[in-house]
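What follows is a short report on a single structure.
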Amino acid sequence: MAKVIAKRVSNYELFYDLVFVLAISRLTSTLHHVADNPSAVVVFIVNSLLALSIWMQQTFYLNKFGERDRLDIYINIPAMYIVGNFAQIIGKIAYSVTDVLHYNGLLIVAYLLIVLQYYLRGRKVGMHEDIKTNILSLSLSALAFAVLTAIYILTPALHSNSYFFILWILPTFIPWVLARNFDHHLINFPHLVERCQLITIITYGEAVLAIIRSYPMSSQALLGFLIFVGLSFMFISYISQTYLNINHHQVTRANALVLAHLVLITGLNIFTVSAELWADSHHREWGMVLFVIGLVMYYASLMLLTVYNDASLRLHKYHYLAYVVISILGLSLVVLFNSSRLIAVLFFVAMAYAYNRIGYIHRVTVRRKLAKKLAAHKK
Numbered sequence: 007m008a009k010v011i012a013k014r015v016s017n018y019e020l021f022y023d024l025v026f027v028l029a030i031s032r033l034t035s036t037l038h039h040v041a042d043n044p045s046a047v048v049v050f051i052v053n054s055l056l057a058l059s060i061w062m063q064q065t066f067y068l069n070k071f072g073e074r075d076r077l078d079i080y081i082n083i084p085a086m087y088i089v090g091n092f093a094q095i096i097g098k099i100a101y102s103v104t105d106v107l108h109y110n111g112l113l114i115v116a117y118l119l120i121v122l123q124y125y126l127r128g129r130k131v132g133m134h135e136d137i138k139t140n141i142l143s144l145s146l147s148a149l150a151f152a153v154l155t156a157i158y159i160l161t162p163a164l165h166s167n168s169y170f171f172i173l174w175i176l177p178t179f180i181p182w183v184l185a186r187n188f189d190h191h192l193i194n195f196p197h198l199v200e201r202c203q204l205i206t207i208i209t210y211g212e213a214v215l216a217i218i219r220s221y222p223m224s225s226q227a228l229l230g231f232l233i234f235v236g237l238s239f240m241f242i243s244y245i246s247q248t249y250l251n252i253n254h255h256q257v258t259r260a261n262a263l264v265l266a267h268l269v270l271i272t273g274l275n276i277f278t279v280s281a282e283l284w285a286d287s288h289h290r291e292w293g294m295v296l297f298v299i300g301l302v303m304y305y306a307s308l309m310l311l312t313v314y315n316d317a318s319l320r321l322h323k324y325h326y327l328a329y330v331v332i333s334i335l336g337l338s339l340v341v342l343f344n345s346s347r348l349i350a351v352l353f354f355v356a357m358a359y360a361y362n363r364i365g366y367i368h369r370v371t372v373r374r375k376l377a378k379k380l381a382a383h384k385k
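As structure tokens, this is what we get:
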């Protein structure tokens, strides 16, 4: 089978990503209220899925049909403006009726702009079945958001109920329900992997800034440096998995790739907030809870991504067992020694390093075996 030729990520896609720097910053600010208002967790999860769903749907369009022409460029510009203003509202915990109208109006417009891109592209290249399915699924999502908004506005009893917003997650899954009708042969897998890497790196940027801000060198230099080292090992594990281990030239639906990154980015944002709360002695308990949740989500997502590994780098049962043992042992020790932050952070660094080391040893072992086979074949 011929290898899939990688589609180059354009500068316009990188430009579009800039507004998600703001979105991710606003997402993490939402969780800062969790100690005083536990419903902040619900608001954070809903906002995370909605913001990332906009990014993912736009990425799928550009991945399959984007041509970097005037159609894409001139629709991306208003799309950025809409998403940027949508992100401005994310940081709130309590929403007024005006906020909800503003928030959902921008959300619906963001979806409809992607629909418009599919429609105009279909006019130029022909109404491919995949284009029709995307127009249908995204239009249904926009309609569902409009219906939920109407229900909320017309039902005063819901105005003080933050948990009603959980329902906003449902419309984002409409494209997933219709996933079987999409033509997965149109997906340029290496381009999609690179786009996911870029949005993850943006998320890492927010984590780095949060650690530097929360642990100044004047008072908590050692603690901040160690957390930064642990975060660096997490980043190395991610890049190793998505750059070194994955077979970039495969034809696949990529559902697991997208799902894994939705969970991974959310988990990384939770980890970011946990590091900030951990720096505050008054919120250390919540910091620990979020720390464990964030790391579990992050490393579970990395495990899910292994389904795309190159055949020679597929993991065996004992690899997964080793990862599970390290995660359980590491997180248990972190929780057990939470009263001493320095010791707890040292266990976190050791866990992040061990996780990365397993992957490194596996790659080295595979390379040595391949080298021996090649040498034997030459003889």
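Residues in the sequence shown are numbered consecutively from 7, following my numbering.
Where is the CB? At the ideal position from N, CA and C, for every residue including glycine.
Predicted, not measured: the structure shown is a model, and the values here were computed from it.
CA-CA distance, residue i and residue j?
| i | j | result |
| --- | --- | --- |
| Ile245 | Gln203 | 8 Å |
| Phe297 | Phe277 | 5 Å |
| Arg76 | Leu122 | 14 Å |
| Val47 | Gly111 | 23 Å |
| Tyr366 | Thr312 | 14 Å |
| Phe171 | Val52 | 7 Å |
| Met7 | Ile233 | Confidence at Met7 is low in this model, with a pLDDT of 44, below 50, so the placement of that residue should be treated as unreliable; the coordinate-derived value is given next. The alpha-carbon atoms of Met7 and Ile233 are separated by roughly 45 Å. |
| Asp316 | Val10 | 14 Å |
| Leu107 | Leu113 | 10 Å |
| Leu198 | Phe66 | 8 Å |
| Ala360 | Ala57 | 33 Å |
| Leu301 | Gly273 | 6 Å |
| Pro44 | Leu376 | 52 Å |
| Gln247 | Phe354 | 20 Å |
| Val89 | Ser54 | 13 Å |
| Asn82 | Thr371 | 45 Å |
| Tyr249 | Ser243 | 10 Å |
| Ile60 | Arg374 | 43 Å |
| Gly132 | Phe71 | 11 Å |
| Lys378 | His368 | 16 Å |
| Thr139 | His190 | 12 Å |
| Trp284 | Tyr305 | 20 Å |
| Ile180 | Arg259 | 16 Å |
| Tyr101 | Val257 | 43 Å |
Taking the continuous alpha helix (DSSP H) assigned at residue i, which residues delimit it?
| i | result |
| --- | --- |
| Phe241 | Met223 to Ile245 |
| Gly111 | Val103 to Val131 |
| Glu189 | According to the sequence provided, residue 189 is Asp. The question's Glu does not apply to it. Per DSSP, Asp189 belongs to no alpha helix (DSSP H) and is neither H nor E. |
| Asp136 | Glu135 to Leu160 |
| Pro181 | Ile180 to Val183 |
| Asn69 | Ala46 to Lys70 |
| His165 | That residue, His165, is in no alpha helix (DSSP H); it is neither H nor E in DSSP. |
| Leu37 | Asn17 to Leu37 |
| Ala82 | According to the sequence shown, residue 82 is Asn rather than Ala. Asn82 -> alpha helix (DSSP H) spans Arg76 to Ile96. |
| Leu380 | Arg347 to Lys384 |
Should residue i go down as buried or exposed, given a rule of 16 or more other Cβ atoms within 10 Å for buried?
| i | result |
| --- | --- |
| Ile271 | buried |
| Ala381 | exposed |
| Phe21 | exposed |
| Asp42 | exposed |
| Thr161 | exposed |
| Arg14 | exposed |
| Thr155 | buried |
| Phe340 | Note that residue 340 is Val in the sequence shown here, rather than Phe. With 16 or more Cβ atoms within 10 Å of its Cβ, Val340 is classed as buried. |
| Gly211 | exposed |
| Ile30 | buried |
| Thr104 | exposed |
| Tyr109 | buried |
| Ala281 | buried |
| Thr408 | Because the chain in this structure spans residues 7 to 385, residue 408 falls outside the shown range and cannot be described. |
| Lys384 | exposed |
| Ser318 | exposed |
| Asp23 | buried |
| Leu337 | buried |
| Glu291 | exposed |
| Arg201 | buried |
| Ile332 | buried |
| Ala213 | buried |
Thinking residue i and residue j are a contact (beta carbons under 8 Å), I'd like their distance in whole angstroms, please.
| i | j | result |
| --- | --- | --- |
| Ala152 | Tyr117 | Not confirmed; about 10 Å, so no contact. |
| Pro196 | His255 | 7 Å |
| Thr34 | Val279 | 5 Å |
| Ile217 | Leu237 | 7 Å |
| Ile207 | Phe26 | Actually they do not touch by this definition, with Cβ atoms about 11 Å apart. |
| Ala85 | Gln64 | 7 Å |
| Ile79 | Tyr18 | 6 Å |
| Met309 | Tyr329 | 7 Å |
| Ile141 | Arg127 | No, Ile141 and Arg127 are not in contact; Cβ-Cβ is about 10 Å, not under 8 Å. |
| Asn251 | Thr209 | 20 Å between Cβ atoms; not a contact. |
| Asn187 | Asn69 | In fact, because the Cβ distance is near 17 Å, the residues do not count as touching under 8 Å. |
| Asn253 | Tyr324 | 22 Å between Cβ atoms; not a contact. |
| Ser168 | Val49 | 6 Å |
Quick one: does residue i have its CB under 7 Å from some CB of chain C?
| i | result |
| --- | --- |
| Gln256 | Looking for chain C here will not work: only one protein chain is present. |
**Ranges of the alpha helix (DSSP H) found wholly within the stretch 240-325, counting only runs of at least 4** = 261-284 and 290-311
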